[in-house]
Structures are given as structure tokens and as C-alpha cells.
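Going by the working numbering, the sequence shown opens with residue 647, and the numbers climb by one from there. Okay, so here's the structure we're looking at.
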Amino acid sequence: MTRVPFRLFLSVVALALAACETPSAQPQRHGEAMAVAANPLAADAAAQMLREGGTAVDAAIAGEAVLGLVEPQSSGVGGGGFLLFYSGATHHIDAYDGRERAPAGATPDMFLDADGHPLPFIDAQASGRSVGTPSVFAMLKLAHDDHGRLPWAHLFEPAIQLAQNGFAISPRMATYIAYATDHGHLRDDPAARAYLFDENGQPWPAGHVLRNPAYAETLRRIANEGPQVLTHGPIAEAIVAAAQREPYAGTLTIADLQAYAPRRREAVCGTYRVYRVCGPPLPSSGGEAVLALLGLYERARPHPVDTSNIDDWSAFVWASRLAYADRDHYAADDEFVPVPLHQLYAPHYLDQRAQLIDLAHAPHSIAPGQPAGQAIFERWGRDQPTDNPGTSHQSIVDADGNAVSITATVESPYGDQRMVAGFFLNNQLTDFSFTPTLNGKPVANAVAPRKRPRSSMSPTIITDRQGRLVLVIGSPGGSGIIAYVSRAIIGALDWKQTPQAAVDTGNVVAANGTVRVESPRLPPGVAAGLTARGWSVQEIASEQSGLQAILVTPQGLVGGGDSRRESAVRDVPPH
Ligand code: DON
647 MTRVPFRLFL SVVALALAAC ETPSAQPQRH GEAMAVAANP LAADAAAQML REGGTAVDAA
707 IAGEAVLGLV EPQSSGVGGG GFLLFYSGAT HHIDAYDGRE RAPAGATPDM FLDADGHPLP
767 FIDAQASGRS VGTPSVFAML KLAHDDHGRL PWAHLFEPAI QLAQNGFAIS PRMATYIAYA
827 TDHGHLRDDP AARAYLFDEN GQPWPAGHVL RNPAYAETLR RIANEGPQVL THGPIAEAIV
887 AAAQREPYAG TLTIADLQAY APRRREAVCG TYRVYRVCGP PLPSSGGEAV LALLGLYERA
947 RPHPVDTSNI DDWSAFVWAS RLAYADRDHY AADDEFVPVP LHQLYAPHYL DQRAQLIDLA
1007 HAPHSIAPGQ PAGQAIFERW GRDQPTDNPG TSHQSIVDAD GNAVSITATV ESPYGDQRMV
1067 AGFFLNNQLT DFSFTPTLNG KPVANAVAPR KRPRSSMSPT IITDRQGRLV LVIGSPGGSG
1127 IIAYVSRAII GALDWKQTPQ AAVDTGNVVA ANGTVRVESP RLPPGVAAGL TARGWSVQEI
1187 ASEQSGLQAI LVTPQGLVGG GDSRRESAVR DVPPH
């Protein structure tokens, strides 16, 4: 048994901290900028704004407007997101919450059938009930009011031109048209059918040039009149009509759209080795869960070795299981339920929880901890999350040393699979627990009117203890995001991988009883090594992370875009 005695552990950590050198020992090179985005056309638009002297927020808006066109299966005007902004001048990090809210008419049992059983996921996804208030551009406007430099309307020009003149469907977008036809109802929506399928009802292939004048018009209106065109007037009426359509008509109203406001909130920050790690606030579990996972990993592996070391992976799997168990139990919209947020990653709680870790053996089971006592622990039943591939991430650093990490999503491929004014509505409300109770206890993440569903999105910004920028990172991937982002952070900071190697290394996801191991991208022996220690391993050919990372090094900004998806890195050298 390789459990580390706690006192010895503390002194080892202290020595390790003293010996450790942060990658950002030198400041960012003056005037250099970089954008890493989920699609090359989006990265180009972001880089264009950086070249024109725009801030990281300006670049993110231009990038997101293009992503909504070229990656509509993942994110866009109809969805939501979380954004972190790091100020190069003050080192302060602002978090922006653009998470969709449930309508006032939402009910805890709206994803249950007449017999009280959860609806099949696809029926809930491609339904009116899953649609939350579209909110990503309202959030981006708030961030632009705070930190933008270029005029708001200018940021939409690249996307409007592409929508008007046409763009070639990417292989990934084509794959997901076919996927959402076979596993969904994409072709049943008249607007989606006219846009994504030929006259015989066949999905357009990769390379086909698509034009989307309706999207160009929506963007023109957002550009000229602001995001309120999505909450007042004909676009808002079309959103509501689509959400109220059968099957499984939802209750979203104009009043719900107009009652929504994005929020500027404190980022969730804590320490990891010599670093300060900041992530999004609730209702994303990503901020607390990445901090808890990393904190547990640090305690179990004061001296991590490399990607082939089974103790490193065993520690990662243990830390994941412990962090996910707490996240599933406690994390939810803190406007509606009491969440012991800070306790979940408090050092003394992680010290205590790390004592469960036995690197040589897998546990029989893992229960959530009690960071805030028995009463709140006993209040909830554990959520049973489901996942689907549809989300985009951008990591951006501008010439003033500001940074943005933004993860945006329509939730599942093509979201709700209902198209309005050139964009797809989200199905974000399927991130709520379908069952409002477990063994007679309420689930913290149950549906409630005007509540926000729990997210796993983890846009993350890491600095050194002096506040100098070190790493900007994030990923799509549903609840796997927490594992993807944490693993890549360990890769870049502990295993000293380049950002490209850190994003491309195999993922290991241990959210529940099974440990998913992306073996083709890992050194031989990782799956076997974990199996030998008693973990129930499932080897996976490909995990759908879409990590985008920027590391600040003495040589300048170094980017890495996930080769599993269509990521692109754009370097903007100083003039
Ligand atoms: O907010 C969340 O955590 C999910 N709706 C994100 C979905 C996702 O990342 C699907 N990804 N590929």
C-alpha cells in the first residue's frame, strides 16, 4: 500500500514548492497575441481582431460569431456559456455567467414520462422542454462593455461575410449532420431540413458550400441593435414559437427571455502547487471540481513523473472519483439550493479526503464527502449525468497580456435540433437531473422554474502566485470536461509537456464506476496498469475532448489545439 503519511506529505510538498519553477518566470513577450479556437475560420476571425488591436474579449466575440456558423452542432446564438477574463494590467480575473435559465413554467417532472420514468435522452433533447433562454451573446455584450476596445458591430463582420458568401462544411460538421439525423430529429425541423440537407433529404457532405443569409441577418441585427433583438421582436417570437412546438412542447415565453440577465461574478479560484487556478462559478461545477481534482492529485502525487507512470494515473483516477462524487452530489444553481462551494475545495477538506487515496488499490465504491457537515450531505440524492458531443472552446491572449477562456455550448449536437433565424436553439435544460428525487431525497440539480442547470464547463486561467499569466485552457466534452481540463493542466504544468502534447495526450475519465482510458493516445501499459490495481477499465478509441491551450513561456506564447477536433492555433506576432 502506497498511502503517503500526511505529515510526511506536507513536508514533501513544501520541498517540492521550493524546488519548483513556474513556466511564467518571465513575463509575456510585449505585443504578442494568440488565438486558439475550435475551428480555423473562428481562429482567423479572432486573430483578425487581435491584429487590429482588439482585446481578447473582442477576439472571442468575433470567434464565437463564426463558431455559431461553422460549428452550429456545438455552440452559437441559441446557446449559452461561461467566460473568464484576465486583466494583464491588474491581474484580476472576472467571470461571466451566460448560462441559460429554465422558463417560469418548467416543472421538476418535465423530463419524466407518464409512468414517471426518465424520457429517452433524444426525445428530451429534440423537444420544446429542453430549451433554456439563449444567452451567450448577452454575456458577450456584458464582457464587451467591461473589456472590449473595438466597436461591437465590427466584431460581427467576419461571420456576416462568411454567412453571406458561403463556407465549406467541415468534416466534423458533416459528421454531426449525419449523426443527428440517425440519432435524432434534425431532418424533421423544416428550417434545418432546408439548410443542412439536399432536395432528396440527404445530409450535405463535407466541402459543400453553405450560405446562411438568415444567420447573417440575425448577426447584423445583434451588431446594430444589441442582443436585445433576441428578447424583443420577431426573432424572440420565433424562438418562443419553436420552443412551444410539439413534440413535448415547452413553456418558454417572451417574458422568460426578457427576465434573463447574464452575470459578472467572482471566479472560483484556489491553489495548485505554485499556481493559482481560476475557473467558472456555479452553476458550473467546473470551477470547484477542477480545483478539487487537482488539489487531491497534488496531495497524492507531490512528485509526479510522466504519462507512463501508473502511480500518476492511479492518483489521477482516485482524485477524479473523489471530486466527481462530490460534484454530482452537491453542485447546482446556488441561487436555488445551498451549495457548500468553498468547502468542496478547501485545503483542510482536501487533506482529509486525500487520506482515502491508496494508489495501489482501487476502492470498492466512493461516496460523496461531507465538507459542510451531515445535514447538507443528507439533504441530497446523487445526480446521474448524461453527455453528448456539442460545445466549443476558445483560448485567447491579446497584445496587452489580457486573456480570455470561453466555453460556449448548445449542449448536444445541433442542440434542440430546431432552427430559428439561422441558428439552433439549445437543449441546455437536459443538463438538469431528469429525476427530481433519488431514494426519496431531492436531487440538488433538479429542474425548477427560472433555475439554471448545472454545467461542467471549465474555462480556466492559471497564474503564478504573483498573478502573472501561465496557462489559458478549456474544453468541450460534457462532464468529461473536468477530467480533460485537469489532465491537460497536469500535462502542461507537471509533466512539462508542450501545450500541443498536453492537449493531445490520451484522456482518462473516472467520473463513476468505470474508468475510461483513451489507450491509442497513451503509452502502452496504462490501461493494464490501472486494471492490475483493481480499477474497472474500459479502453476507448477516442474521447471527444476539444482542448485549446495557451502557455506563457520565456520564449513567448505557445498554443495547442486538440487534434481530435478541428482546432486551430493563430499566432499574432508583435509588429
Ligand atoms: O454545460 C455543460 O456542461 C454541457 N452542456 C456541455 C456539453 C458538452 O460539452 C458536449 N460536448 N462536447
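C-beta atoms are modelled at their ideal positions from N, C-alpha and C, and glycine is treated no differently. No experiment lies behind these values; they were computed from the predicted model shown.
Exercise for the section: Check the C-beta distance from E803 over to P780 and give it rounded, since I have them as a contact under 8 Å. Expected result: For a cut-off of 8 Å, the C-beta gap from E803 to P780 is around 22 Å, too long to register as a contact.
Problem - When Q1146, V1149, Q1184 and A1178 are compared against E1164, the one with the closest alpha-carbon - result: Q1184
Problem - Contact test: T613 Cβ vs the ligand DON heavy atom, cutoff 7 Å - result: Past the boundaries of the shown model lies residue 613; the chain is included only from 647 to 1221, so the question cannot be answered.
Handout entry: Cβ contact check for the region 758 to 773 and the region 676 to 691: 3 or more pairs under 8 Å
Key = Fewer than three Cβ pairs drawn from the region 758 to 773 and the region 676 to 691 lie within less than 8 Å of each other, which leaves the two stretches out of contact.
Practice task
Tell me whether the beta-carbon of A824 lies closer than 8 Å to the beta-carbon of P859.
Solution key: no
Practice task
Give a yes or no on whether the C-beta atoms belonging to G879 and R795 are separated by under 8 Å.
Solution key: Inclusion of G879 and R795 in the CB contact set at 8 Å is not warranted, their separation being larger than that value.
Exercise for the section: Tell me, please, whether the region 817 to 832 touches the region 1048 to 1062 by the rule of three or more beta-carbon pairs shorter than 8 Å. Expected result: yes
Problem - V777 to L1075 span [Cα, whole Å] - result: The alpha-carbon separation between V777 and L1075 amounts to approximately 6 Å.
Exercise for the section: Pull up the distance between the alpha-carbon of S1213 and that of F783, whole angstroms please. Expected result: Answer to the nearest angstrom: the Cα atoms are 22 Å apart.
Practice task
Would you decide whether E710 is buried or exposed? Buried here means 16 or more other CB atoms lie within 10 Å of its CB.
Solution key: buried
Practice task
Measure the alpha-carbon distance for A636 versus L765 and round it to whole angstroms.
Solution key: The structure shown has nothing for residue 636, since the chain only spans 647 to 1221.
Exercise for the section: To the nearest angstrom, report how far apart L1002 and S1191 are at their CA atoms. Expected result: 29 Å
Practice task
Within the region 779 to 817, note down every full alpha helix (DSSP H) run reaching 4 residues or more, in order along the chain.
Solution key: As for any alpha helix (DSSP H) of minimum length 4 sitting wholly inside the region 779 to 817, the runs are 782 to 793 and 803 to 811, ordered along the chain.
Practice task
Give me the Cβ distance between A1147 and A1195, rounded to the nearest whole Å; I'm assuming they're in contact under 8 Å.
Solution key: No, A1147 and A1195 are not in contact; Cβ-Cβ is about 10 Å, not under 8 Å.
Problem - Proximity test, Q1194 beta-carbon vs the ligand ADP heavy atom, cut-off 7 Å - result: As presented, the structure is devoid of the ligand ADP, carrying the ligand DON as its sole ligands.
Practice task
Check whether the Cβ of T779 sits closer than 7 Å to any heavy atom of the ligand DON, and report yes or no.
Solution key: no
Practice task
Taking C924 as the reference, give the member of L713, R999 and T1109 with the closest Cα.
Solution key: T1109
Problem - Inter-residue spacing [alpha-carbon to alpha-carbon] between G853 and A748 - result: A straight-line Cα-Cα distance of about 37 Å links G853 and A748.
Practice task
Would you be able to state if there are at least three C-beta pairs under 8 Å between the region 1082 to 1092 and the region 1042 to 1058?
Solution key: no
Problem - Coarse secondary structure for E667, derived from DSSP in three states - result: Confidence is the limiting factor: at E667 the pLDDT is only 42, short of 50, which leaves the residue's position unreliable, though a coordinate-based value still follows. In this structure, E667 counts as coil in the three-state DSSP scheme.
Problem - the region 879 to 893 / the region 930 to 942 touching (three or more Cβ pairs under 8 Å) - result: no
Problem - Stretch pair the region 683 to 699 + the region 716 to 729: three plus CB contacts closer than 8 Å - result: yes
Practice task
Check whether the Cβ of T821 sits closer than 7 Å to any heavy atom of the ligand DON, and report yes or no.
Solution key: no
Problem - Extent of the continuous beta strand (DSSP E) to which R1216 belongs - result: A1214 to V1218
Practice task
Inspect the beta-carbon positions of S931 and R1096 and report whether they are closer than 8 Å.
Solution key: no
Exercise for the section: Work out the CA separation of S1102 and T753 for me, nearest whole Å. Expected result: Rounded to whole angstroms, T753 and S1102 show a C-alpha spacing of 22 Å.
Problem - Best match in L928, P1220 and H1007 for proximity to L990 [C-alpha to C-alpha] - result: L928
Handout entry: Opposing strand residues paired with F1069 [DSSP bridges]
Key = V1066
Exercise for the section: Please report how far the alpha carbon of Y906 lies from the alpha carbon of Q874, in whole angstroms. Expected result: Take the alpha-carbon of Y906 and the one of Q874: they are about 11 Å apart.
Problem - Residues bridged to L856 (per DSSP) - result: Paired residue(s): F813.
Practice task
Run the CB neighbour count on P1031, radius 10 Å, all protein chains shown included, and call it buried at 16 or more, exposed below.
Solution key: At P1031 the pLDDT is 49, less than 50, meaning the model places this residue with poor confidence and gives no usable figure here.
Practice task
Examine the ligand DON and report whether any of its heavy atoms sits within less than 7 Å of the Cβ of M1103.
Solution key: yes
Exercise for the section: Use the C-beta contact count for Q1143: other C-beta atoms within 10 angstroms, 16 or more gives buried, fewer gives exposed. Expected result: Buried, because 16 or more other Cβ atoms sit within 10 Å of the Cβ of Q1143.
Problem - Cβ-based neighbour list, R967, same chain, cut-off 6 Å, excluding 5 preceding and 5 following - result: Cβ within range, chain order: I1012 and A1156.
Practice task
Taking only the alpha-carbon atoms, compute the straight-line gap between P1200 and I806 and give it to the nearest angstrom.
Solution key: The alpha-carbon atoms of P1200 and I806 are separated by roughly 38 Å.
Problem - Classification of G1182 by the beta-carbon crowding that lies within 10 angstroms, buried from 16 upward - result: Per the sequence shown, residue 1182 should be read as Ser rather than Gly. Looking at its Cβ environment, which holds fewer than 16 other Cβ atoms inside 10 Å, S1182 is exposed.
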